Structures are given as structure tokens and as C-alpha cells.
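Numbering (full-length UniProt numbering), first residue to last: 1 to 381. Input: a single structure, listed below in C-alpha cells.
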Ligand SMILES: Cc1ncc(COP(=O)(O)O)c(C=O)c1O
């Protein structure tokens, strides 16, 4: 018998028993494919680290960043995984990535400057920009050979008009697109030319289907990068994310911010993060294989629909272009007619109107049922 890192004998009842948001938003007859979490058991090393922390009653305030193991574990992960050499002194902890976005926008970008957001994008980017007291400037991505690409001319124009930063989602939620090196290099040149900052949210990077991923920080020594183990290893409720400063001045300024601004991570999340980065590779490899099989189920199911769809290069979200059906609100229509809940494309920026986002990281039988319902409905008109 081969040793496996994931017990794939998992069913929805075990996900429901978690009593987290994932399966608590709707009645039982609805298949909810909105919340970005996976219906998979947590990695054994992560579970063991959390159980150990519980046994030790590690329920106090977290130790200071520089005395915790997390920056070192993250630094090793980034070096081994991406060849990105970044010392632990440049890695700081966050309770969640969006806090890192708001606080960096406030403190590390030109006062009051608007923020460029290539869209479609993770909807909470807009919340974070609002909380930071800034204006979002949407620059819709363009269709390229491999799917969505940054509109670099549009970004150039927005920076020229006064925007002070670009908030990149790399890999992108919801499209699953990994921006390539050439585009990242041009983006870095534009940022340098206009004195703007680039913030790169790389939370989905560990869940990619091919090896080529260029961390933005590898080409810009003024980058601000957001990473986390919570998404890839499926423990977002444990509260621990990371911000990585390429520029030492940013790290120095960050150290002066009050705890109320940047504190709030949990010792349980910190223990889980160290375990994930150090011992979570076998689980991650199997999780990606599982997701790749589900991705194929989606691709096969959509083949007969004649809709715009490009397989994601990373992550477990499918971005479906349903504009040809002329529905005012496709997500509401599908929910009403099929009992399958998807995220409205409009939540991802105005360029998402007419699209829906579907989380395919669920039990294959449930996914197949949902896909059958959605395709039957769309084919039936
Ligand atoms: C691109 C992206 N960034 C951040 C997050 C959430 O991170 P956090 O809960 O740490 O703010 C998500 C969650 O889906 C995401 O897709």
C-alpha cells in the first residue's frame, strides 16, 4: 500500500461538522461553491502542531515576530520554493493579509494616492482600499494568448494620472492566472518610473499546477509581498499571515506601527504556519493533484457550453464567462434555478459583470452534481 498524505475518504458531513462559514451560509439542499476553502482534511503535520499548541495551552498573546519561528520558516519556504532570498528580519506577521494591505497602503504609499487594481480581482481588495481611505482605480485585464493579461498601458496611464500604487493578485483570484515574468518586469519599470509601489498578494502561489511562478519580489527590490500558509493548507480561521518587505526601510517603518494596527495573530495559527512551511510539502503535492483532477471535471463539463473559460494555472477557482446568456445576475439565476451557489462576478470589479466564480475544491461527487445542474440549466435556457 502506498503511503498517502491526504485521507481522500472525506465526505461533506465532515466538512459540515467543522461548523465554519464554508457550509453554514445556506440550507442543506444548496451546494455552496462560494467560500474559498477546500473540502479536504487538514495536513497531518499542521493538525499535530495545533494539537500540540492546545496541549501546551498556547492561548496567550503571541511572542514578538523576531522571537517567533514563523519568519525563519517563511524565509526558508520562499528560498526553497521560489529561489527568493529574503532574511527573516524582512518577514513580519499579520492576523490576515487584508490587514497588511490596508496598513501598507496607509503607511507605505504616497499620502492620499489612488490605488490601481487590475480586475477581475478578489473582492475584499476593494474593502481594504476603502478601509485605507483610498480610491480604487480599476484597470481591467485584457485577453492574451493564455487568458487574462495585465493592461500595462492602462496601468501606465493610471500611474501617470497620479495613482501611487498597484495592488496585484498573483496568482489571480478569480481567474487563476499567473502573470508572467515579462509583464512583471514591465510593471516594475512602470512603478519605478512613476515612484509608485507594487503590493503583490501571492496567497494562492503554493497551489499552482505548473512550476513556473515568478514572485514579484524577485524582480523589484522595492516590492511589498503578502504570503500565507492559511489558503494553501486550508486553515484561514487560525489567523496568521505574512508581509515580506524587499526594502529594509519598509521593515524599519513597519516596526514603529502600533500593535493595534498590525497585531492580532494567534499562537495556534503561528504553530500551524511553521508546520505547513516546514513539513507540509507532501500534503500540498497531493492536494494539488486532487485539485487538478477536479479542474479537469470542470473543464470537461463546460466543454459543451461554448462559454469563455480558461483553466486556472493556480488555485481552485473557475471563472466562467456567462455573458452570452444575457442574464442580469447569473449567480442569482443559477442559485434560484439549480440550487448551486456561485460568487457573482460583479463582486470582483465592474469587469466581472456577467461572470460567476465557482470553487471546485469540493468532494468530486458533489462537484459533478453541481456541474450537471449548472450545465443542464444553461443548455436548457
Ligand atoms: C487573493 C486573496 N488574498 C487574501 C485572501 C484572504 O486572506 P486573509 O483572510 O488572510 O486576509 C484571499 C482569500 O480568499 C484571497 O483569495
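Think of the CB as a built atom: it goes at the ideal place given N, C-alpha and C, for glycine as much as any other residue. Nothing here was measured: the structure is a model prediction, and the numbers come from that model.
By the beta-carbon neighbour count (other beta carbons within 10 angstroms, threshold 16), residue 79 is exposed. Distances from the CA of residue 360 to each of 288, 270 and 86 were compared; the closest alpha carbon is that of 288. Around the beta carbon of residue 231, 16 or more other beta carbons lie within 10 angstroms, which makes this residue buried. Around the Cβ of residue 54, a 10 Å sphere holds fewer than 16 other Cβ atoms; the residue is exposed. Relative to ligand 1, the nearest heavy atom lies less than 7 angstroms away from the CB of residue 231. Measuring C-alpha to C-alpha distances from residue 83 to each of 358, 193 and 219 identifies 219 as the nearest. Pairing residue 294 with residue 236 gives a Cβ-Cβ distance that is not under 8 angstroms.
Residue pairing from DSSP places residue 138 in a beta bridge opposite 117. Three or more beta-carbon pairs separated by less than 8 angstroms are not found between the region 173-183 and the region 38-53, which leaves the two stretches without contact. In this structure, residue 277 keeps its C-beta atom at 8 angstroms or more from the C-beta atom of residue 48. In the structure shown, the three-state DSSP call for residue 316 is coil. Taking C-beta separations shorter than 7 angstroms and ignoring five residues to either side along the sequence, the partners of residue 103 in its chain run 257, 261 and 262, following chain order. Within the same chain, Cβ atoms closer than 6 angstroms to the Cβ of residue 264 are found at 95, the five residues on either side in sequence being excluded. Boundaries of the alpha helix (DSSP H) harbouring residue 259: 259-262, taken from the DSSP string.
Remark: the C-beta of residue 129 is outside contact range of ligand 1, defined as less than 7 angstroms to any heavy atom. Close CB contacts of residue 160 within its chain, under the 8 angstroms cut and outside five residues either way in sequence, are with 194 (chain order).
When DSSP assignments are scanned along the region 164-234, the uninterrupted stretches of beta strand (DSSP E) that are 3 or more residues long and fall wholly within it turn out to be 165-169, 197-201 and 224-227. DSSP, reduced to helix, strand and coil, places residue 278 within a helical segment of the structure shown. The residue among 51, 234, 65 and 5 with its C-alpha nearest the C-alpha of residue 268 is 51.
DSSP places residue 37 outside both helix and strand once states are collapsed to three, so it counts as coil.
Using a C-beta cut-off of 8 angstroms, the region 103-123 makes contact with the region 132-146, since at least three inter-stretch Cβ pairs fall below that distance. The residues 32 and 341, in chain order, have a CB closer than 8 angstroms to that of residue 26 in the same chain once the five nearest residues on each side in sequence are set aside. Nearest Cα to residue 375 within the set 352, 165, 297 and 187: 297.
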